[in-house]
Structures are given as C-alpha cells and as structure tokens.
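Undergrad: Sharing a structure, written as structure tokens. Questions coming.
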Amino acid sequence: MDQAAHTKAPLKAPADDSIAAPVLAPADLSVILPTFNEAENVPVVLDRLSDTLRGVAWEAIIVDDNSPDGTTAVARKIAETDPRVRVIRRVGRRGLSGACIEGILASSAPFVAVMDADLQHDETLLPRMVMELRAGADLVVASRKVDGGSSGTGLSGIREWGSNIANGLAKKLLNVNLSDPMSGFFMIRREKAEALAPKLSAQGFKILLDIVSSAAGSLKIKELPFTFRERLHGESKLDTLVTLDYFGLLMAKYFGNIVSVRFLMFGLVGASGLLVHLLALRAFLFVGNFEFNLAQTAASFVAMTSNFLLNNQLTYRDRRLRGLDALIGLLTFYAVCSVGVLANVGVANLIYLEPSYWWFAGAAGAIMGAVWNYAASAALTWRKI
Ligand code: GDD
Ligand code: MN
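First residue of the sequence shown: 47, per the working numbering; consecutive thereafter.
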C-alpha cells in the first residue's frame, strides 16, 4: 500500500465531495494521548504530530475520561475528517495509567507511544524513538535525567525534589534501572506491552515504572534525553495526593503483587484508624470522663469516620463520593465495619486456643476484619457506578 498517501492524508476534509474511501496504510505507530480537560491542547498536539511524523505511518488514540470541558467532542470533530485520529471515551472511570493501558490495547500497530496531550512532551523526539525500536530496542524512554535532558521550567522545585526521592526508591526497592522512571513519555513494542498488560495496575499514574518492574529485566531499554516543556493550556491534574498512589504501587510491586494497591492503601488507612481510635478513646475517658463502654463505642465511631474520610480521599479518589452520596456512603461504611468487628472477633476466637498465641489469634482476627471491610465496602460503599 502507498505509505506516502497515508502520511500525507490531510487534517481537514478534502474540498471535493468524492465518496471514494481514502486508501489508508495500517499504522506503524500508535500515539496514545491520555486526556482530561485538554480541549484546547488536543488540536495543537495533533497538528504537531502531523508535522513531525511525516516519514511514519501513524495514528493517534485519544483516551478521554469524559472530560467536562468537552475534549471528546473536540477530538471527535477532528477524527471525522482525519482517519488517523481515533477517540476512546471512558465514562465512570478516571486515571492516567488505566487510560494509557486501554489506549495501548486498542492499537494494532507494532509500536505504541504514550505521550501527554498538554505539549509538555517534545513530540519531535518521536521519529528518533521509532528508529531506536527499529534498531532493536523494546522500550525507548524520553528521560529528563540523562545528559542533555532537563525538567526545564515544567516542574516545580518541590515536585523535582519529590521526584528524585521517588526515583531513588524505585531503584532500591524494585531494581528498576531507569534515570527517570516517572517519565510519562515512552515508546514500546506493542507485543511487549500486550504481554505485560495483565500485570499492570490501572490505578495511579506510574505506568512506565509499572511496565519496567513487571517486565523484570526482560526489556531492552534505551533512554533519550528531552526537556520537559511548560504546559500550553489548562492545568496539571496530578496533585500531591498522587504521590501516595506512587508509594502504593512501589509497595504492591515490592510485595510481589500479592495484594492490590487499593488493598494496601485501605490497610494503611486502617492502621491510621487504630491510632485515631486510641487517641479518641483517651480523650473520651480522661477529658470527657465517659465510662469505658461508651468511650470505646464513641472512639470506634471517630475512627470509622476518619477511615471513611481518608479512604474516600485517597483509596477511592477515583470514585470519590460527594454530598448526599458521601453521607449514604458513611452510613454503609459504619454498617460494613460493624460486621467486620464480628468477623474479627469470631475468627480470633476460633484460633485462640492457648494464651501464648494470643497475638496470632488477634492478628488473624484483625486481618479477617480488614479483608471483610475491604471487600464489603468495595461492593457497597464505593461500588462502581
Ligand atoms: N484519560 C485521562 N485520565 N487522562 C489524564 C488523567 C486521567 O485521569 N489525568 C491526567 N491525564 C492526562 C492529562 O490530560 C495529560 O494529557 C497527561 O495525562 C498528563 O497529565 P498532567 O496533569 O499534565 O500531568 P503532569 O504534567 O503534572 O505530570 C507529567 O509529568 C510527570 C513527571 O513529573 C506526567 O507526564 C506524568 O506521567 C509524569 O510522571
Ligand atoms: Mn502536564
């Protein structure tokens, strides 16, 4: 098939109203563009791809999480006249990693790139990345940390600092030898990504780190320097809370994927709840002068409420309940946790045979209670809409 015809397909509809379908070569490269509120940036980034990728048969897959600013509609409008542009609109879901994975899995091209849609990533690097894959690499990472690369003015000082700590941890804990494991700009052979997909976490935003650690050394990796640019329009979607996702991913990978990131977060929140419980108990007993049973019950409610708020803020940030939904969620959470206490005490009792094993019985009960709380609150409180 004529590749030139493909690469020169115009961004706008042809002036004549011929009904002949345009002849398209299959794409060699799919560029996955995850978007959330990027309506103003999408047309610009597509224009730039078209300029830069003249020698490559490419397509762009925009994965939009139903952005309120109408990004989907803007992208579809372009797709109506440009067959190289495809759009996936995800409803009821949020998350950068999940969007990228879905985009990758919607591609049939041998190479896939993941790139931010806000123009912070230098698209002129793409042809070189393609060359590296053609020369035998499995994964090419655009790095701000190798010679010649930089974060430019695109990253605030505090984020730069946080990102250095996170990089160090990734290296130590996961043996990931990348200069910039937090980079959101890379290109990979689709067959490799496809094979790893079942192991990847859809939560969070660290898809590159996830890919490389899941591959456990089986990828031939090449790093290319690039300068992180300033955002063109709009604002960053990644707040400081996403750092917690990152640590969650680190822990989950470190523990060999036995437990999900979400369960780990839930467990951490639960542990914080114990502390809250004890502090509240102390206050009710010694400041409020409550009798013990009342103080213990009141402290349980304080701890459950704090757990609910933290889980709603962190563990289920992608399904956060607001307003009346949050109130109903809080009530179902109380109900779930009350049954959790029964599961906890029941299991502990079953196991408790000898006083010397009190801690084992206690821990088994607590874990059982946590598993119940997690499963039941996922089904009831933060159920998928
Ligand atoms: N579909 C979808 N869903 N897209 C999202 C979501 C989401 O929940 N959150 C963010 N995006 C899209 C944005 O629209 C943008 O195109 C891209 O993902 C990056 O998001 P930004 O909000 O611009 O992230 P950033 O600039 O703060 O962070 C970038 O740099 C980090 C390194 O410091 C990203 O490239 C990160 O991946 C990278 O780690
Ligand atoms: Mn950005």
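We put the beta carbon where it would ideally sit given N, CA and C, even for glycine.
1. Can you check whether the CB of residue 424 is closer than 8 Å to the CB of residue 313?
2. So is residue 335 buried or exposed if we call it buried at 16+ other beta carbons inside 10 Å?
3. Let's test the definition: count the other Cβ atoms within 10 Å of the Cβ of residue 420 and tell me whether it reaches 16, buried, or not, exposed.
4. Count the CB pairs spanning the region 366-375 and the region 345-353 that are closer than 8 Å, and state whether there are at least three.
5. Decide if the region 215-235 is in contact with the region 293-301; the criterion is three or more beta carbon pairs, one per stretch, under 8 Å apart.
6. Buried or exposed: where does residue 84 fall if 16 or more other Cβ atoms within 10 Å of its Cβ makes it buried?
7. Considering only the beta carbon of each residue, do residue 471 and residue 257 sit closer than 8 Å?
8. Compute the minimum distance between the beta carbon of residue 275 and the heavy atoms of ligand 3, and state whether it is under 7 Å.
9. In angstroms, rounded to a whole number, what distance separates the CA positions of residue 383 and residue 354?
10. Can you tell which of 356, 129 and 141 has the C-alpha that lies nearest to the C-alpha of residue 96?
11. Could you give the distance in angstroms between the alpha-carbon of residue 259 and the alpha-carbon of residue 178?
12. Does any heavy atom of ligand 1 sit closer than 7 Å to the C-beta of residue 86?
13. Who are residue 104's beta bridge partners in DSSP?
14. Are the region 139-146 and the region 236-251 touching by the rule of at least three beta carbon pairs closer than 8 Å?
15. Taking contact to mean at least 3 C-beta pairs separated by less than 8 Å, is the region 110-129 in contact with the region 164-182?
16. If residue 106 sits next to residue 71, beta carbons under 8 Å apart, how far is it from one beta carbon to the other, in whole angstroms?
17. What are the boundary residues of the beta strand (DSSP E) that includes residue 363?
18. If we call anything under 8 Å between Cβ atoms a contact, is residue 228 one with residue 209?
TA: To lay it out plainly:
1. Taking the first residue of the sequence shown as position 1, residue 313 is located at position 267. Taking the first residue of the sequence shown as position 1, residue 424 is located at position 378. No; because the gap between Cβ atoms is not below 8 Å, this pair is not in contact.
2. As a position in the sequence shown, residue 335 is number 289, starting the count at 1. Residue 335 should be labelled exposed.
3. Within the sequence shown, residue 420 is the residue found at index 374, counting from 1. With 16 or more other Cβ atoms within 10 Å, it is buried.
4. no
5. yes
6. Within the sequence shown, residue 84 is the residue found at index 38, counting from 1. Buried, because 16 or more other Cβ atoms sit within 10 Å of the Cβ of residue 84.
7. Examination of residue 471 is not possible in this model, given that the chain is present from 47 through 431 alone.
8. Only ligand 1 and ligand 2 can be found as ligands here, which leaves ligand 3 out of the picture.
9. The residue you call residue 383 lines up with position 337 of the sequence shown. The residue you call residue 354 lines up with position 308 of the sequence shown. Their Cα atoms are separated by approximately 10 Å.
10. Counting from 1 along the sequence shown, the entry for residue 96 is found at position 50. Comparing Cα-Cα distances from residue 96 to each of 356, 129 and 141, the minimum goes to 129.
11. Counted from its first residue, the sequence shown places residue 259 at position 213. Counted from its first residue, the sequence shown places residue 178 at position 132. Taking the straight line from one Cα to the other gives about 21 Å.
12. The residue given as residue 86 occupies position 40 in the sequence shown. No - ligand 1 has no heavy atom lying nearer than 7 Å to the Cβ of residue 86.
13. Here residue 104 refers to the residue found at position 58 when the sequence shown is read from its first residue. Note: residue 104 sits in a beta bridge opposite 75.
14. yes
15. no
16. As a first step, residue 106 must be located in the sequence shown, where it is residue number 60. As a first step, residue 71 must be located in the sequence shown, where it is residue number 25. Going by Cβ atoms, the distance from residue 106 to residue 71 rounds to 15 Å, so no, they are not a contact pair.
17. As a first step, residue 363 is located in the sequence shown; it is residue number 317 there, counting from the start. No beta strand (DSSP E) holds residue 363; DSSP gives it neither H nor E.
18. The sequence position of residue 228 within the sequence shown is 182, counting from 1. The sequence position of residue 209 within the sequence shown is 163, counting from 1. Closer than 8 Å, so yes.
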